[in-house]
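Counting from 2, one number per residue, gives the positions in the sequence shown under the numbering used here.
No residue lacks a Cβ here, since even glycine has one placed at the ideal position from N, Cα and C.
I have placed the structure first, in the form of structure tokens, so that the comments after it can refer back to it.
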Amino acid sequence: RMLLSLPGRILPAACDGLREALEQRGYTQREIIARSVHADVVVRRVEGAGGALAGKCIHEGKGEGSVRGIVQREYSILSRVRHPNVARAVDFVEVDCGCVLIMELCAGASL
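What follows is the structure in structure tokens.
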């Protein structure tokens with residue numbers, strides 16, 4: 002399902018501030034690949050990066066309090082890990098209405 006055709010939206014429930022913050026960093030959404038209670042996981046591409054990235058999007062009404070803290074800690078840990086069997090976290094974007102953890106996209110089933 003392609004969401005680029007939705008005018009002015011990076012996710013159906015995302016706020017304009019989060020969309021703008023992601024666009025300023027060169028991220029564009031391609032499709033939602035998974036959903037959970039707290040997040041949408043989307044395939045993203047970065048200009049000039051040459052590969053696909055996954056973005057775990059915690060958006061308004063879903064990422065309050067401890068969930069945002071957990072995602073921020075996840076970024077803090079995974080951004081320092083260098084191992085061929087661990088997806089690398091490459092960026093963390095946060096604004097008042099949401100946050101996104103950008104990671105390498107790994108093929109295969111969800112763990």
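Going by beta carbons, ALA53 and VAL42 fall outside the 8 Å limit. By the 16-neighbour rule on beta-carbons within 10 angstroms, GLY99 is buried. DSSP places CYS100 in the uninterrupted beta strand (DSSP E) bounded by 99–105. In this structure, DSSP gives GLY56 an extended state, which the three-state scheme calls strand. Assigned with DSSP and collapsed to three states, ARG36 falls in strand. Residue pairing of ALA90 in beta bridges, as defined by DSSP: MET104. The beta carbons of TYR76 and ALA90 sit about 5 Å from each other, so the pair counts as a contact at 8 Å. If you check the CB distance, ALA35 and ILE59 do not come in under 8 Å.
A buried status is given to GLN30, since no fewer than 16 other beta-carbon atoms sit within 10 Å of its beta-carbon. Assigned with DSSP and collapsed to three states, VAL82 falls in coil, not helix or strand.
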